[in-house]
Structure formats: C-alpha cells, structure tokens
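Residue numbers (the numbering used here): 601 to 958. Glycine included, C-beta positions come from ideal geometry on N, C-alpha and C. The structure displayed is predicted, hence computed values, not measured ones.
Structure (structure tokens):
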C-alpha cells in the first residue's frame, strides 16, 4: 500500500510540475552558433529584437542547430566534419546529452526532429565506406541511438522535414572526406551530388541529380516552401575559371532547376552558396555567399535573379516576422532592405535556425 501511495504521489507531483516551454528560455526567435569576443564558442538564442536571451558554451566552433518542436532543448552541431553534437537545456544551460557518432562516423553539421519531437535525425559520414548515413536518436531515452539508414549519397549535409510531416529531404553534397585528411575533398573528379527524399523510417521515396554540367556543384543547404518546393544552395568544386549558379529549385515529380545568372552575377557569388531561404510569401528566394559578401534574391516564378545586396561576411538567413533577416561574421543582424536590427560583438556562424515557440 505504501508503494501505491508513493506512486500516486509521484503522479500528482508530475502533473503539478509546470512543463517548460521556449518561453521559459526567453522566447527566442532563432538559434545561432557564434564566437564571443574572448574567442569562446556558444549557442545563442536570439529574440525578435535581435538580442541574445541566452548563451550556452559549446566545445568548439559550431555550424547549425536543431530546435526541439515543443521543449526548450536544442542540439548544437560542430562545424563539419565534426565529432560533437550536444543536447542543451536552453533554460538552465545544462548539457542533457552528448551524442557520440559510432566508430567510423562523424557528423556533418545538421539535424532535424520528427514532428512529434520523439526522434532526432542527424547527417553523418561513414568515412571508411565513403557513404552517407542518417543517424536516428531516441529523444525519450536520453537521445540514445536507435540506428541509422543510408542517405543514398555521399556527404549528406543539410536535412529538412517536408511540409507533409512524413518526408525528409537530404542534401547529399557528393563530396567525400576522411578525418585523416582534415577538410580535404577526396573525390572531386567523380563526385555526384543529389537530393534524396526519405520516409521517416528511411525508405527512399525519390532521388534526383543535377545535369552533368553541374556534377561538381555540391548541394549543401536547404529551405522548403509550404507547398513542397525545395530551394537548395550549392558550392562549386570545379575549376575556378568555370561559372555555375549557386541556387537551385526542385519540386517532386519534376527535374531540378538551377537559377541562372549573368556572368557578373555568378562571379560575384564566388561559387559559394551559404544559406538559402524563401521569403515574400514564398514568391522570392534568397541565397547568401560569405565569400562573395552578398545575398542574391530571385523570383521563384521566373527563375531569375532580381536583386543583389552587398553585406560583408554574410551567411545566415531566416524569416523573422515575415521579413528576411541576415546574420554575418561581423556581428550584424540586418534586414535584407539594409536596415539594422542589431549590431552585436558576436561573430555569427553559418546559420539562423528558427524556433517553433508554439
């Protein structure tokens, strides 16, 4: 009887304990890794006014993060190729778990949660086999690894959930790396990037490749419009004298399309697409280039570049209150129309990750 009373008391206590939400973490609009003035690295939560509402130490330079859909938890990923992925309580700052890539694996900087928040999917490299993997992690069991599935390509980088909530899209960049070789790219003559669509269980639903002339255009980062149109940023790994677009679009059932530009427009991006984001109700899409120091804005309907905005060391892109926000290594958080949201002393890393505060 004593055990039963204790059990019931535990249930009552649990029901009375308020469930923490993103509001308890300061209601961040997005997450971003960054370097503080003293050289230390943190994961930051930034609010709608562009002010950091929390910062949590991470082991080294970060790349991107994954925000849990309900709880104030985030997974911070190392700059690729990286060995660390840490799960953080964004209210207390405590480390909940540290994900360990299995032997022969490393992370590629990105991950995404299932719609119900029970599973985390991470992009990984099986560097001995030279093949991509998607790691599956059980959130309820302390982020215990459940297994893995093939990414159906080499060098999977970004991964996003499609609007149907049942499909993942993976940017298989096509570039093979190995820790013994640092960040050296080992297969450039034969690389073949692709976009792969997977079920949440890892079944390949679709896979598309760019035309042969884009074979060395590594597909890196993604954004997804509400109707399933995928925008992807590319990084050219071919000869520097050759020019290629750094932005592409794809809708399942059709062939992927590069967004072309003039010679001047393509050269200005220096062959490097950083982040990509739809805006203007999905009518336009933006791609950043920290190497080119600019963001190019394209009309989705015409598939043509409409405008170019110069911003030093820009990379992060995110919608904030319906407007397109950029972040840069100079510490600037700036609207695409040139107005400053805030100037910080934080060297922002590559991406702005929206937080679902609902």
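- By the Cβ test, the stretch 867 to 879 is in contact with the stretch 836 to 844, since at least three Cβ pairs between them sit closer than 8 Å.
- As summarised for the stretch 737 to 800, the continuous beta strand (DSSP E) elements at least 3 residues long and confined to that stretch are 744 to 750, 756 to 761, 767 to 772, 794 to 799, given in chain order.
- Just so you know, the alpha carbons of residue 658 and residue 848 end up roughly 33 Å apart.
- Judged by pairs of C-beta atoms under 8 Å, the stretch 939 to 955 touches the stretch 633 to 651, as three or more such pairs exist.
- Three or more Cβ pairs drawn from the stretch 794 to 805 and the stretch 761 to 777 lie within less than 8 Å of each other, which places the two stretches in contact.
- Contact holds between the stretch 621 to 628 and the stretch 685 to 699, because three or more Cβ pairs, one in each stretch, are under 8 Å apart.
- Per DSSP, residue 705 is one residue of the beta strand (DSSP E) stretching across 705 to 713.
- According to the DSSP assignment, residue 867 belongs to the alpha helix (DSSP H) that extends over 863 to 868.
- When 909, 879, 812 are compared, the shortest CA-CA separation from residue 923 is found for 879.
- Membership of residue 902 in any beta strand (DSSP E) is not indicated, and neither H nor E is assigned to it by DSSP.
- Per the Cβ contact rule, the stretch 723 to 736 is not in contact with the stretch 664 to 675 (fewer than 3 Cβ pairs under 8 Å).
- For residue 719, the enclosing beta strand (DSSP E) starts and ends at 719 to 726.
- Cβ contact annotation for residue 704 (same chain, cutoff 7 Å, sequence separation greater than five): 726, 727, 728, in chain order.
- Proximity to residue 867 across 854, 853, 895 peaks at 895, based on C-alpha coordinates.
- Around the beta-carbon of residue 758, 16 or more other beta-carbon atoms lie within 10 Å, marking it buried.
- In the three-state reduction of the DSSP assignment, residue 842 falls in the coil class.
- Of the candidates 939, 812, 697, 781, 939 places its Cα closest to the Cα of residue 910.
- Take the alpha-carbon of residue 917 and the one of residue 833: they are about 12 Å apart.
- By the C-beta density criterion, residue 736 is buried, having at least 16 other C-beta atoms within 10 angstroms.
- Around the beta carbon of residue 912, fewer than 16 other beta carbons sit within 10 angstroms, so the residue counts as exposed.
- Judged by beta-carbon spacing, residue 823 lies within the 7 Å limit of residue 876, meaning their Cβ atoms are closer than that value.
- Here the stretch 641 to 659 lies against the stretch 924 to 944, with 3 or more beta-carbon pairs under 8 Å apart.
- Residues of the same chain with a CB within less than 8 Å of the CB of residue 928, apart from the 5 flanking positions on each side, are 890, 911, 912, 913, 914, 915, 916, 934, 948 in chain order.
- Rounded to the nearest angstrom, the Cβ distance from residue 825 to residue 882 is 5 Å, consistent with a contact under 8 Å.
- When C-alpha distances from residue 792 are compared across 862, 805, 776, 806, the shortest belongs to 776.
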